[in-house]
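Anchor point for the sequence shown: position 90 equals 107 in this note's numbering, and the numbering is continuous, going up by one each time.
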Amino acid sequence: MFNLLIGGAAGQGIETAGAVFEKYLKHNGFNIFSTKDLMSRVRGGHNFTNMRISRQRVRTHDYMVDGILALNQDSIDLHLQSLRESGFVLADESLQSTDERVISLPMNRIAKELGNPRVASSVAVGALIRLFDLPHDRMTELFGL
18 MFNLLIGGAA GQGIETAGAV FEKYLKHNGF NIFSTKDLMS RVRGGHNFTN MRISRQRVRT
78 HDYMVDGILA LNQDSIDLHL QSLRESGFVL ADESLQSTDE RVISLPMNRI AKELGNPRVA
138 SSVAVGALIR LFDLPHDRMT ELFGL
């Protein structure tokens, strides 16, 4: 089993990133148990989704996580203590951390180069798929891209 936390500010695409990644994983034969923690604000505030992912049946989540997809600084600051020693954090290069488990990627820059800064969370999901070395040949078909 693998435990993943996707975190970011309200309005930053956390819901979309979680839904897209869940759909992709289910399509590829994984079972998922996810919980969402959403602040009641339209924009701002910290939101996150916990996912437990497995090829076996999943019935609950775990408070300790194996990976964090951090779309804002709060995601690192608030959840790093829940990351297992062997875990990783995927974060935009603009976020700050001295933790050696943080992998910095130019997610926001790539989204801007694509012409839409709002797709940074989708870029992040693509990075997760690549990191896990999962098949991506049917992404266009699955998501109608």
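Each residue gets a CB set at the ideal place from its N, CA and C atoms; glycine is no exception.
Everything numeric in this text was worked out from a predicted model, so none of it was measured.
* Asked: Which residue's Cα is closest to the Cα of Ile-85: Gly-46, Asn-48, Ala-144?
  -> Ala-144
* **Beta-carbon proximity of Gly-62 to Met-56, cut-off 8 Å** => yes
* Asked: Are three or more beta carbon pairs between the segment 94-102 and the segment 39-58 nearer than 8 Å?
  -> no
* To do: Whole angstroms is fine: what's the gap from Gln-73's alpha carbon to Asn-20's?
  => 13 Å
* Would you list the one or two residues that DSSP bridges to Lys-40? => Answer is none; Lys-40 lacks a bridge partner.
* If you draw a straight line from the alpha carbon of Arg-135 to that of Ala-87, how long is it in whole angstroms? -> 15 Å
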